[in-house]
Amino acid sequence: MRHTIFSHPDYSWLRRVLPKHLRRVAISLLLATIIFVPALFAQTAGTGALTGIVTDASGASILGAQVKVTSDSSGEVRTVTTGAGGTYSVPLLLPGTYLVAASKEGFRTITIPHVRIIVTETNALNIRLEVGQISDKVIVEAEAVQLQTESSTLGRVTSGEQVQALPLAMRNFTQIIGLNPGVSTEIASAGELGRGGGGNNQDPTVSSGNWAADNNFQMNGVGVNDIQQSGYFSAGVAIPNPDTIQEFKVQTGQYDASYGRNAGADVDVITKGGTNEFHGRPGNFSAMTT
Numbered sequence: 135m136r137h138t139i140f141s142h143p144d145y146s147w148l149r150r151v152l153p154k155h156l157r158r159v160a161i162s163l164l165l166a167t168i169i170f171v172p173a174l175f176a177q178t179a180g181t182g183a184l185t186g187i188v189t190d191a192s193g194a195s196i197l198g199a200q201v202k203v204t205s206d207s208s209g210e211v212r213t214v215t216t217g218a219g220g221t222y223s224v225p226l227l228l229p230g231t232y233l234v235a236a237s238k239e240g241f242r243t244i245t246i247p248h249v250r251i252i253v254t255e256t257n258a259l260n261i262r263l264e265v266g267q268i269s270d271k272v273i274v275e276a277e278a279v280q281l282q283t284e285s286s287t288l289g290r291v292t293s294g295e296q297v298q299a300l301p302l303a304m305r306n307f308t309q310i311i312g313l314n315p316g317v318s319t320e321i322a323s324a325g326e327l328g329r330g331g332g333g334n335n336q337d338p339t340v341s342s343g344n345w346a347a348d349n350n351f352q353m354n355g356v357g358v359n360d361i362q363q364s365g366y367f368s369a370g371v372a373i374p375n376p377d378t379i380q381e382f383k384v385q386t387g388q389y390d391a392s393y394g395r396n397a398g399a400d401v402d403v404i405t406k407g408g409t410n411e412f413h414g415r416p417g418n419f420s421a422m423t424t
């Protein structure tokens, strides 16, 4: 049997198709892609991420500290170890609240409850450990809200509580997309919202002056656009019951190519998932006209 050992990338094909000065540029771009692409997928249209630095009381970084992230709703546990510079990253976390615990031999265990992860965003959480026994636990009851410095994306999150509290004609969440900065709506009938993906042949939802058909709708990370804009036949964009929406975010500018296919708004909807507890909500909706 013949075995092949891949020790170094083979770039010999570049010599045949590119001049010498361009070969160096091409190789540099390939290496940069290999190094930096994993960081681009820390969060997606259906997930968020957590990152930060673990230090001691003097501010020196701690290598090899364990950071454990536990979902409040499902109990799922993710564990990572800090690397060089004390940095850690927990990618692809479902939106919700988490219990974060950091520990290292020779230091007290720090526990931070109710850390919120938002769809498409990377939450920066720096942790400072105190010298002591690892069995000693310090609980941080309230963590100051930090500025979103991990991305320059322009956007706004609407929580499930806000969706339920705001008046929605026909119980259509797309009615409140126009409350986001830079988004303009010309809606005569809330019943038409969402039909045809907000296309130009319907009552338009316009972001930053772009065509209405440039908007991109995603639900739990999956595209739900009506590219053909045949909403009157296909029912258009999926409109979930407002009670099932956990949150949604409208990104209006400077988001990367993984979120948007065009230049309009990128609407990322997250629906509620299973938890460790049984729960439900009775209700009644009646749309009466006078």
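According to my numbering, the stretch in the sequence shown is residues 135 to 424, in order.
Even glycine gets a Cβ: it sits at the ideal position worked out from N, Cα and C.
Helix, strand or coil at residue i according to DSSP, with G and I counted as helix
i	result
residue 382	strand
residue 183	strand
residue 400	strand
residue 178	coil
residue 234	strand
residue 373	coil
residue 240	coil
residue 413	coil
residue 124	Coverage of the chain is limited to positions 135 through 424, which leaves residue 124 absent and any answer about it impossible.
residue 298	helix
residue 310	helix
residue 258	strand
residue 289	strand
residue 387	strand
residue 219	helix
8 Å CB neighbourhood of residue i in its chain, flanking five on each side removed
i	result
residue 196	188, 189, 190, 216, 220, 238, 241, 263
residue 209	410
residue 176	183, 185, 223, 225, 226, 256
residue 172	For residue 172, the predicted structure reports a pLDDT of 43, less than 50, and the residue's modelled location is therefore unreliable. A value from the coordinates is still provided. Cβ within range, chain order: n/a, list empty.
residue 417	377
residue 374	307, 353, 403, 405
Classification of residue i by the beta-carbon crowding that lies within 10 angstroms, buried from 16 upward
i	result
residue 199	buried
residue 390	exposed
residue 382	buried
residue 182	buried
residue 307	buried
residue 205	buried
residue 303	exposed
residue 362	exposed
residue 254	buried
residue 201	buried
residue 265	exposed
residue 194	exposed
residue 218	exposed
Cutoff 6 Å; reference residue i; Cβ partners in own chain excluding five residues on either side
i	result
residue 406	378, 380
residue 340	318, 346
residue 288	386, 387, 388
residue 179	352, 355, 393, 402
residue 234	203, 246, 249
residue 293	381
residue 426	A question about residue 426 goes unanswered here, because the residues of the chain that appear run from 135 up to 424.
residue 214	201, 222, 224
residue 284	256, 258
residue 344	397, 398
residue 174	Its pLDDT being 45, under 50, residue 174 is placed unreliably in this model, and the coordinates cannot settle the point.
Integer-rounded CB distance, given that residue j should sit under 8 Å from residue i
i	j	result
residue 398	residue 359	Not really, about 11 Å apart at Cβ, beyond 8 Å.
residue 244	residue 211	With a Cβ gap of about 17 Å, residue 244 and residue 211 do not count as contacting.
residue 290	residue 376	That belief does not hold up - the Cβ atoms of residue 290 and residue 376 are roughly 18 Å apart, past 8 Å.
Other residues of its chain near residue i: CB distance less than 7 Å, five sequence neighbours each side excluded
i	result
residue 342	316, 386, 387
residue 251	182, 184, 227, 229, 230, 232, 257
residue 282	255
residue 396	348, 350
residue 384	289, 290, 311, 314, 317, 399, 401
residue 372	353, 358
Cβ-heavy atom distance, residue i to the ligand ZN, below 7 Å
i	result
residue 372	As presented, the structure is devoid of all ligands, the ligand ZN included, so that no description of it is given.
### Query
Below 8 Å, can you find three or more Cβ-Cβ pairs linking the stretch 303-323 to the stretch 242-260?
In short, these stretches do not touch, since the Cβ pair count stays below three.
#### Entry: Contact the stretch 265-273 vs the stretch 292-307: 3+ CB pairs below 8 Å
The stretch 265-273 makes no contact with the stretch 292-307: fewer than 3 CB pairs, one atom from each, lie closer than 8 Å.
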